[in-house]
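2 protein chains.
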Amino acid sequence: MPPDPSLSPASAEAVDEFALIAELFVPLTHGDPAARGLRDDAAFLPAAPGYDTVLTVDALVAGVHFLPDDPPDLIARKLLRVNLSDLAAKGAEPVGVLLAAAFPRGVGAGWLRGFAAGLGQDLATFGLPLLGGDTVATPGPLTLSLTALGRVPAGQGLERRGARPGDQVWVSGTIGDGALGLRAARRELPGLAAEDVAFLADRYRVPQPRMGLGSRLRGLAGAAMDISDGLVQDLGHLCRVSGVGARVEAARVPLSPPARRALAEGMVTLADLLCGGDDYELLFTAPPAAAAALTALAAATGAPVTRIGSILSGGAVSVIDDGGEALSLSKGGWRHFRAED
Amino acid sequence: MPPDPSLSPASAEAVDEFALIAELFVPLTHGDPAARGLRDDAAFLPAAPGYDTVLTVDALVAGVHFLPDDPPDLIARKLLRVNLSDLAAKGAEPVGVLLAAAFPRGVGAGWLRGFAAGLGQDLATFGLPLLGGDTVATPGPLTLSLTALGRVPAGQGLERRGARPGDQVWVSGTIGDGALGLRAARRELPGLAAEDVAFLADRYRVPQPRMGLGSRLRGLAGAAMDISDGLVQDLGHLCRVSGVGARVEAARVPLSPPARRALAEGMVTLADLLCGGDDYELLFTAPPAAAAALTALAAATGAPVTRIGSILSGGAVSVIDDGGEALSLSKGGWRHFRAED
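Chains as they are written, first to last, in my numbering: chain S, 1 to 341; chain R, 342 to 682.
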């Protein structure tokens, strides 16, 4: 739809901006014929017989999901990576992406170049084309939406609904770095060593979608999802959809060395780490018989996996401490459970 | 990605809002298993061997692409229809849609219900499921992005690049109603009869994507696109991509009776109609030998088609008047060509 000129007068700058966008984004198709050089308002993706197409979309708003003055290349890379993380959690191989971007009127060519460069860098990293998109101007904050397409062998996609009582609960990587990383990025962890701050901020700004691991979980995992809202909340989502409960052993939850140090220094509670968002690690369940295969898979893919608990036949998600006592979440965090308790 | 609580404190209302959205949007999946009940952050679309998947995305911003106080059901319906119009122009059958919506914090349950009702009504009209999406809060204006999926038999999709010298240029329906309709919706055409105002406003608010016609143009049309930016501009896009020029005979361009009356009354220039946006009619080219089949197709589908000009081997797009004189576009509209000239 064209912008309504009576609502937002077109300017010479706006025209130049769109020319700039065409110049910046067409190279990101990497010549994939499906993108038709972004000249046709649509992409044409050839059939992949025997595969399901997996589709996911995420919207991000400046000032809500990221800081308005975050570097544009990192905004673009995170936008892509959070969507790829969703595909990884489905066991899918990524195929391509479509971008819908509402850029504030004042956005400059330098900012757009940075954004396109970051997107291009990561599309190349993951071997993906930009298949299409739409760019518009907005009087409001930068608002981005990315649709990611992937594929899985028919019927083999991983879903949230596959957890069964008796399954074990696993996570990839380490938990809580994303939430700590936001604080690190905002320079709110002055007591932490510079390299720890850098590690955590990078974990927040540039998530590592577990593509290699995700696609190889097919046939091993029962249920899977990626952790974006926080381990406990997301495990709750998974259990609700699967009609089961879960128990997590707090001491088993893998933490990075910087997160352990922040916890030891009292800068953060374990509750903050278990409930913080932005991890983009995989959360999945599997029968006990799959444990050895999962451990071998972790070694093969370089993505560590850790068993953190069990699926129960009912109830909600509980987290228990070393003494076997169940912890309960209150609005402000966890009750009777703090670092150094 | 979760909203960053330090950037935008979550409120009880926000939580209720998301529950409401789940309640409102899940029914729009129409039980299509591909949507997984919107509970899985992803859709799983079965393979369609022998078909290309056609993908298109459009972003709309309140105050830019529609009036902020437009009825929510009509905003939703137009969002869907402009995307379906893109699919029709590719000769595709629609399969489903994904919605990314950034709702202003103050949006109420009534507004959301209206939006979902309008979307649901039109998804039902076109027999489509909502396959997935993402809803977030924004401190800015309502910002919507819809990804539409369609399919065409492999290699048979219509594209902009297929125009050849000697082809005839055709349009469906009537041209210029959208641009006039915006003015009608804003009550800027007081001299026009009430039923004309209503007709035009409806043409602007609820475009009629030419689904039946589009899919049956496969094999007949050379190049095709939908008219969203204005007939002349969009024909320019088509010609540029195809490496050709075009000549349009102004007198042949089909106008609706209300548009003819507005033109006769001097409320609008022909230039306004030929360059105005929001028509969502199909613009296509075909060899002269296809003319009889196209006329028969129009009768069969109830979508009138009109031949308005010819594709030339080079040059830009020209529009000629009855005397054969070429008109040229200036910034403010057409030079030396006004209604009643």
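Just so you know, even glycine gets a beta-carbon here, dropped at the ideal spot from N, CA and C.
With respect to the beta strand (DSSP E) encompassing residue i, which residues constitute its N-terminal and C-terminal limits?
i: I661 of chain R; result: V658 to I661
i: Q509 of chain R; result: Q509 to S513
i: L99 of chain S; result: E93 to P104
i: L283 of chain S; result: L282 to A286
i: F385 of chain R; result: A384 to L386
i: S247 of chain S; result: One point to set straight first is that residue 247 of chain S is Arg, not Ser, in the sequence displayed. That run of the beta strand (DSSP E) goes G245 to E249.
i: A478 of chain R; result: L471 to T479
Determine the DSSP secondary structure at residue i, reduced to helix, strand or coil.
i: M225 of chain S; result: strand
i: T301 of chain S; result: helix
i: L596 of chain R; result: coil
i: G150 of chain S; result: strand
i: E325 of chain S; result: coil
i: L485 of chain R; result: strand
i: V609 of chain R; result: coil
i: E159 of chain S; result: strand
i: A389 of chain R; result: coil
i: D463 of chain R; result: helix
i: R261 of chain S; result: helix
i: P350 of chain R; result: Unreliable placement is indicated for P350 of chain R, whose pLDDT of 35 sits below 50; the coordinate value is still reported in the next sentence. Here P350 of chain R sits in coil by DSSP.
i: L55 of chain S; result: strand
Counting only beta-carbon atoms, is residue i nearer than 8 Å to chain R?
i: T269 of chain S; result: no
i: G377 of chain S; result: Residue 377 of chain S falls outside the range modelled here, since chain S spans only 1 to 341, and no answer is possible.
i: G132 of chain S; result: yes
i: S145 of chain S; result: yes
i: V97 of chain S; result: no
i: A246 of chain S; result: no
i: M225 of chain S; result: yes
i: R36 of chain S; result: yes
i: F44 of chain S; result: yes
i: A76 of chain S; result: no
i: V57 of chain S; result: yes
i: A100 of chain S; result: yes
i: A47 of chain S; result: yes
i: A154 of chain S; result: yes
Name the residue from the options whose alpha carbon lies nearest to the alpha carbon of residue i.
i: D567 of chain R; options: R:F625, R:R581, R:R527 and R:E364; result: R:F625
i: R501 of chain R; options: S:A296, S:G157, S:R39 and S:A48; result: S:R39
i: L401 of chain R; options: R:G481, R:G447 and R:L521; result: R:G481
i: M608 of chain R; options: R:E590, R:P628 and R:A520; result: R:A520
i: A62 of chain S; options: R:V477, R:K431 and R:D537; result: R:V477
i: H30 of chain S; options: S:P129, S:I320, S:V169 and S:L255; result: S:P129
i: A433 of chain R; options: R:R527, R:G496 and R:F456; result: R:G496
i: G459 of chain R; options: R:R524, R:V405, R:L523 and R:P368; result: R:P368
i: L523 of chain R; options: R:V510, R:P548, R:P506 and R:I661; result: R:P548
i: A223 of chain S; options: S:L213, S:L238, S:P209 and S:G212; result: S:L238
i: R210 of chain S; options: S:E23, S:N83, S:A88 and S:F115; result: S:A88
i: G166 of chain S; options: S:A289, S:A201 and S:R187; result: S:A289
i: D73 of chain S; options: S:I320, S:G309, S:G302 and S:F115; result: S:F115
Of all Cβ atoms in chain S, is any one closer than 8 Å to the Cβ of residue i?
i: R380 of chain R; result: yes
i: E500 of chain R; result: yes
i: V512 of chain R; result: no
i: L623 of chain R; result: no
i: L348 of chain R; result: In this prediction, L348 of chain R has a pLDDT of 47, which is less than 50 and means its spatial position is unreliable; what the coordinates show is noted afterwards. Judged by the 8 Å Cβ criterion, L348 of chain R is in contact with chain S.
i: F456 of chain R; result: no
i: A542 of chain R; result: no
i: D508 of chain R; result: no
i: T636 of chain R; result: no
i: T370 of chain R; result: no
i: D427 of chain R; result: yes
i: T394 of chain R; result: yes
For residue i, which residues from the same chain have a beta carbon less than 8 Å from its beta carbon, with the 5 sequence-adjacent residues on both sides left out?
i: P153 of chain S; result: G50, Y51, D52 and R218
i: G133 of chain S; result: F25, L38, L98, L99, A100 and A101
Leaving aside the five residues before and after residue i along the sequence, list all residues of the same chain whose C-beta is less than 6 Å from its C-beta, in chain order.
i: F337 of chain S; result: Its pLDDT being 31, under 50, F337 of chain S is placed unreliably in this model, and the coordinates cannot settle the point.
i: C616 of chain R; result: G571 and V573
i: T515 of chain R; result: P595, L596 and S597
i: K672 of chain R; result: In this prediction, K672 of chain R has a pLDDT of 37, which is less than 50 and means its spatial position is unreliable; nothing more can be read from the coordinates.
Where do the N-terminal and C-terminal ends of the alpha helix (DSSP H) with residue i fall, by residue?
i: E536 of chain R; result: A535 to R546
i: G577 of chain R; result: L572 to S583
i: A89 of chain S; result: P72 to A89
i: L554 of chain R; result: M552 to R557
i: G404 of chain R; result: That residue, G404 of chain R, is in no alpha helix (DSSP H); it is neither H nor E in DSSP.
i: L182 of chain S; result: D177 to A185
Could you tell me which chain A residues have their CB closer than 8 Å to the CB of residue i, listed as they occur along the chain?
i: T138 of chain S; result: Any reference to chain A falls outside this structure, whose protein chains are S and R.
Can you give me the Cβ contacts of residue i inside the same chain, cut-off strictly under 7 Å, excluding the 5 residues immediately before and after it?
i: L20 of chain S; result: A109 and L112
i: R588 of chain R; result: G650, S651, L653, S659 and I661
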